[in-house]
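Report on one structure; see the data block that follows.
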Amino acid sequence: MKIFRPSLTDIYNQIRVSQAAPDLTDIGSRIQSLETQVEHLRALNRALVEYLADHVNLSPQAFLDQLSKEHPKQDAEHTLHCPSCGTLIASDAKACYSCGMKVGTDTYILG
Ligand SMILES: [Zn+2]
1 MKIFRPSLTD IYNQIRVSQA APDLTDIGSR IQSLETQVEH LRALNRALVE
51 YLADHVNLSP QAFLDQLSKE HPKQDAEHTL HCPSCGTLIA SDAKACYSCG
101 MKVGTDTYIL G
């Protein structure tokens with residue numbers, strides 16, 4: 001009968017995995033929380049698009065098509081990192097959408 005003898009590397013890796021387990025659990029729950037937030041934001045975004053499209057008598061898709069024509073995607077030159085949290089935001093943003101820090105000089109900010 002052959003006896004399994006773990007190498008020092010095996011033991012080291014086993015210790016590393018067991019030490020990292022709480023972090024991995026935390027990362028898993030953090031990802032789950034972010035997925036839940038994304039789902040809520042998707043639902044909110046969908047409702048907003050439908051609401052706005054209805055107000056200009058367009059279908060949601062026609063509204064989105066018109067919106068993307070009028071406001072083409074901004075490239076990296078038009079973005080900056082929030083000085084507070086580092087989130088990538090539009091350079092003309094008045095506030096960071098992630099942490100809420102005011103980054104512009106416009107005082108007409110809701111919320
Ligand atoms: Zn921020």
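Its first residue numbered 1, the sequence shown is counted upward by one per residue in our numbering.
Cβ atoms here follow ideal geometry from the backbone N, Cα and C, with glycine treated the same way.
Rounded straight-line distance, which links the Cα of residue j to that of residue i
i, j, result
"S98", "R5", "51 Å"
"R42", "V17", "35 Å"
"S91", "H71", "14 Å"
"K102", "V56", "30 Å"
"Q14", "A20", "10 Å"
"G28", "Q66", "39 Å"
"A62", "D54", "11 Å"
"L64", "L24", "39 Å"
"C96", "T87", "8 Å"
"E35", "P22", "20 Å"
Residue i, enclosing beta strand (DSSP E) - first and last residue
i, result
"A43", "Element bounds for A43: not the beta strand (DSSP E) but the alpha helix (DSSP H), L8 to H55."
"A95", "It is not in any beta strand (DSSP E) - A95 carries neither H nor E in the DSSP assignment."
Range covered by the alpha helix (DSSP H) that runs through residue i
i, result
"L67", "P60 to E70"
Residues that residue i bridges to, as DSSP identifies them
i, result
"I89", "L80"
"K102", "A95"
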